[in-house]
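J.: Per the working numbering: the sequence shown = residues -14 to 345. Here a beta-carbon is modelled for each residue, glycine too, at the ideal position from N, C-alpha and C. Below you will find the structure I want to go over with you.
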Amino acid sequence: MKTYIKFITFLFIKSFFFIFFITLSLIIILNILSELDFFKNQLISTNFIISLALLNSPSYVFNIFPFIFLLTTQLFFISLFNKNEISIFKYSGLKNSKIILILTSISLLMGILIITIFYNFSSNFKNIYLKLKSPYTDDGKYLAVVTKNGLWIRDKLQDHILIINSSKIENDNLINTFITEFDENYNVKRNIWSDKINIKSKKWLIFNPTIFVENNYTNLSDGQVLELNTNFNYEKIQNLFSDLYSLSLIELLKLKKNYELLNYSTTDINLHLLKLFSYPLYLILMTILSSVIMFNIRHYESSTFKISLGLFLSVLIYYMNNFANILGKVEKLPLSLSIIFPLIIIMTINGIMLIKINDK
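Structural data, given as structure tokens:
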């Protein structure tokens, strides 16, 4: 490996870890404050709160890696400009485009490592975080999961517990559903089977149910409806599976398969997977964007101005990305386009600014 490549690689990685640890520290502090606010009315140990903050932080860091790369590239070039090393490279015949190419290659390798290692690491921590915090939330008393055997729900009301298994969801209806109702001591009170249950509201409408009590059963006549109060409706069931950052890549693919068997919408999972697979490209484009901007404003002496510009661009790109993702989730834009569109915009800006980059 040539000496200048080693130097550029070392300086970029050094800049990356500097920005990374500053960002991680800020996120941990903000998470601690958030957890303190959440547990303000409960007697919880400080160590537990700090543990929760530490477990939750890697997931937040993962989401802002594009902006970490943008600021890393800025810090890299500020160091080169301040020591006038960029001029030495130029006099040695190293073109600006070559420097950008080296940074792009480093970003690609780091992006692959972030997806294959850091993401799975952060998702495991997020999963542990949710399990530890769940007993202290309003949702801790009930649970919903999707497996290859369908949708399973555990629901606890004041005087009874429900275990619900449904093979499929169609619109606002559960199809082919079996419900077991227990008392507080887990003694079976009754079983209910129905081929259709409307779950639009938390008061479920069970059509033509068959009710089993001990060794006897009763079939309600056609058109009769049994009402059942629960803590769930269709919207809430959807939201229970929204924290996909707690699942590794393998778990996401398994969940997608189970959703398809259940006839459950896979829009959120597809959007999340597409976002993950395009992540290295996103990091590369942010590195290039930061590089071309720094070459164009290299004559400005104020480092504060350069960093402020980077922060402004980070906020702008963040909201543009979020807006496109929301349009994809509500299916106003094709799923792939909601992820690719912001990347195309950044790519177009990079293409325009790369023209005559070697003359900068």
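Evaluate Asn172 with the Cβ neighbour count: other Cβ atoms within 10 Å of its Cβ, from every protein chain shown; 16 or more gives buried, anything less gives exposed.
T.: Locating residue 172 in the sequence shown gives position 187, where the first residue counts as 1. By the 10 Å Cβ count, Asn172 comes out exposed.
J.: To the nearest angstrom, how far is it from the Cα of Glu155 to the Cα of Phe24?
T.: Position 170 of the sequence shown, counted from the first residue, corresponds to residue 155. Position 39 of the sequence shown, counted from the first residue, corresponds to residue 24. Approximately 39 Å between the Cα atoms of the pair.
J.: When the distance is taken between beta carbons, is Pro265 closer than 8 Å to Ile97?
T.: For the purposes of this step, residue 97 is taken as the residue at position 112 of the sequence shown. For the purposes of this step, residue 265 is taken as the residue at position 280 of the sequence shown. Yes; because the gap between Cβ atoms is below 8 Å, this pair is in contact.
J.: Per DSSP, which one or two residues make a beta bridge with Glu220?
T.: Within the sequence shown, residue 220 is the residue found at index 235, counting from 1. For Glu220, which the question treats as bridged, DSSP gives no partner whatsoever.
J.: Beta-carbon within less than 8 Å of Ile269's beta-carbon, same chain only, minus the 5 sequence neighbours each way: which residues are those?
T.: As a first step, residue 269 must be located in the sequence shown, where it is residue number 284. Cβ within range, chain order: Thr89, Ser92, Leu93 and Gly96.
J.: Given Ile34, which residues of its chain have a CB within under 8 Å of its CB, disregarding the five upstream and five downstream residues?
T.: Numbered from its first residue, the sequence shown carries residue 34 at position 49. The answer, listed in chain order, is Ile17, Glu20, Leu21 and Phe24.
J.: Just mark Lys291 as buried or exposed, buried being the case when its beta carbon has 16 or more other beta carbons within 10 Å.
T.: Numbered from 1 along the sequence shown, position 306 holds the residue referred to as residue 291. Lys291 comes out buried.
J.: Can you tell which of Lys174, Lys141, Phe2 and Ile113 has the C-alpha that lies nearest to the C-alpha of Phe61?
T.: Here the question's residue 61 lines up with position 76 in the sequence shown. For the residues Lys174, Lys141, Phe2 and Ile113, the minimum Cα distance to Phe61 belongs to Phe2.
J.: State the Cα-Cα distance for the pair Ile138 and Val130, rounded to the nearest angstrom.
T.: Walking along the sequence shown from the start, residue 138 turns up at place 153. Walking along the sequence shown from the start, residue 130 turns up at place 145. Ile138 and Val130: Cα-Cα distance of roughly 7 Å.
J.: When the distance is taken between beta carbons, is Met271 closer than 8 Å to Leu55?
T.: Within the sequence shown, residue 55 is the residue found at index 70, counting from 1. Within the sequence shown, residue 271 is the residue found at index 286, counting from 1. Result yes, Cβ atoms of Leu55 and Met271 sit closer than 8 Å.
J.: Enumerated in chain order, which unbroken segments of the alpha helix (DSSP H) with a length of 4 residues or greater are wholly contained in the segment 65 to 90?
T.: 70 to 76, all fully within the segment 65 to 90.
J.: So what's Tyr202 in DSSP terms, helix, strand or just coil?
T.: For the purposes of this step, residue 202 is taken as the residue at position 217 of the sequence shown. Tyr202 falls in the strand class under three-state DSSP.
J.: Shortest alpha-carbon distance to Leu229 belongs to which of Phe47, Glu70, Thr58 and Ile273?
T.: Along the sequence shown, one-based indexing puts residue 229 at 244. Out of Phe47, Glu70, Thr58 and Ile273, Phe47 has the C-alpha closest to the C-alpha of Leu229.
J.: Do the CB positions of Ile84 and Ile(-7) come within less than 8 Å of each other?
T.: Stepping through the sequence shown from its first residue, residue 84 is reached at position 99. Stepping through the sequence shown from its first residue, residue -7 is reached at position 8. Contact flag set, yes.
J.: Can you give me the C-alpha to C-alpha distance between Asp180 and Thr162, rounded to a whole angstrom?
T.: Position 195 of the sequence shown, counted from the start, is the residue given in the question as residue 180. Position 177 of the sequence shown, counted from the start, is the residue given in the question as residue 162. Rounded to whole angstroms, Asp180 to Thr162 spans 6 Å at the Cα level.
J.: Assign Asn26 to one of three DSSP states: helix, strand, or coil.
T.: Against the sequence shown, residue 26 aligns to sequence position 41. Reduced to three states, the DSSP call for Asn26 is coil.
J.: Taking buried to mean at least 16 other C-beta atoms within 10 Å of its own C-beta, is Pro319 buried or exposed?
T.: To locate residue 319, count along the sequence shown from 1; it is residue 334. Burial call: exposed.
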